[in-house]
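Take a look at the structure below.
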Amino acid sequence: MTNFNRNEPYNDLPLLPPKSALETTKVLRKTIEASRALAKFNGMLINLPNPIFFLDTIHLQEAKASSEIENIITTNDNFL
């Protein structure tokens, strides 16, 4: 942002809602692809003996990544 003015709100951000169409063929195809991937993941998750343990691990990894954004570095051992 070369011409940033903190006294002028939003600077060059476009107004909402956008004037262009959001539901393009490309977007809809990606949505279908994501939906299929989630359904496949759900099917695999159901077959695990303890799916909660797997999901808890994912939540801990996300918490660690979020902490790193705030410059708080930790290890997986600290979560246990």
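Numbering (the UniProt record's numbering), first residue to last: 1 to 80. From the three backbone atoms N, C-alpha and C, an ideal C-beta is built for every residue, glycine too.
Backbone CA spacing between residue i and residue j [nearest angstrom]
i	j	result
E33	V27	10 Å
F53	P9	45 Å
L22	L13	17 Å
residue 94	N71	Nothing about residue 94 can be reported from this structure: the residues present for the chain run from 1 to 80 only.
L48	H59	17 Å
I73	N5	33 Å
S66	T25	33 Å
N42	T57	16 Å
L15	N50	47 Å
I69	Q61	13 Å
Residue interval of the alpha helix (DSSP H) (run including residue i)
i	result
T31	T25 to I46
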